[in-house]
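In our numbering, the protein residues as written are 101 to 389.
For every residue, glycine included, the Cβ atom is placed at its ideal position computed from N, Cα and C.
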Amino acid sequence: MSAEKPMSFEEGLPFRERAEAVNLFPAEQRIVDHLLAIPAYELGIMTSSDLSERSGASRSSIDRLSRKLGYPGLKEMRKALLMQEARQSSRPREDGDAESSGDIARRVMSAISMRAEAMARSLADNGDIDTLVGWLVKARTINLFGAGESAATCSAIYMRLVRLGLSVNFADEYHTQVTLASLMGPDDVALSVSYSGGTKSTMWASQTAKQNGARLVAVTGTPNSALAKHADLRILLPTGGGLPGSAEVLDRVVAAGIAEVLFQCLVAKAPDLLANSVRIDDTFSEARI
């Protein structure tokens, strides 16, 4: 019996309408139902293994469904769903009134809150943050690598870790990052931040550090990126939809929160480190500029 020929769809036809236009096997229907039910911030980080486990369908069923609906694979199918949600969230309100600044503020802060909750669950569900904290406490040197807006995340992490007296470095100029990476060794930790996981300058510094024996930690929104694959440990951002054109911005806001997570976890693991932060406060006292 020959395989069913996939239907042709208009490029902009929404995921839901494609699913309604074809005959689905029970396993495929479970996949569709699950994809339509989960929030965008979970959809953004869902792998085929995750979807298979949670829907009870095989990975081959996921691949077959993707092709049946006109998508090359799960990545494109997820993107279509996220774009669909973004279009829906940007539609004018039914009462015809323009959205007020207060409404927009609530919507933005709600999206940040949902992302933060997803990040908290992700960190709590595995031992990666404990492993990272253990590495940081024992590291001879900690170097932060990142470019563009990811450099802001690196700066936030640097400002918190340096207060604990840790030997941490960050330079936003990439030649200096590579220079620092070239001096690293087995007792060091490189923490690289890249939403795409493919920023060339960040990859250069990261690969150099790892080649010299340093442990490489990736903070990224792309699980299958080059940076994630090279890393000894990955902190995945709960990337997804939420606001049109703002996914990367929201992820970076949440990533900056990791700085405080690390600070508090380090203090919990090694309370003596907090004395360094107190010394800094005493030095400034009331003379802060």
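Its Cα nearest to that of residue 366, the residue 236 stands out among 267, 297, 281 and 236. In this structure, residue 127 lies away from residue 149, with their beta-carbon atoms at least 7 angstroms apart. Under the three-state reduction of DSSP output, residue 294 falls in the strand class.
Annotated as distal: residue 325 and residue 308, with beta-carbon spacing of 7 angstroms or more.
Contact check for residue 292 and residue 246: beta-carbon distance about 7 angstroms, within the 8 angstroms limit, so the pair qualifies. Per the DSSP secondary-structure output, residue 334 pairs in a beta bridge with 318. With 16 or more other CB atoms across the displayed protein chains lying within 10 angstroms of its CB, residue 358 is buried. Less than 7 angstroms divides the Cβ of residue 338 from the Cβ of residue 218.
Using a Cβ distance threshold of 7 angstroms, residue 119 and residue 132 count as a contacting pair. When 201, 143, 302 and 152 are compared, the shortest CA-CA separation from residue 130 is found for 152. Inter-residue distance for residue 310 and residue 285 is about 8 angstroms (C-alpha atoms, whole angstroms).
With fewer than 16 other beta carbons inside 10 angstroms of its own, residue 378 counts as exposed.
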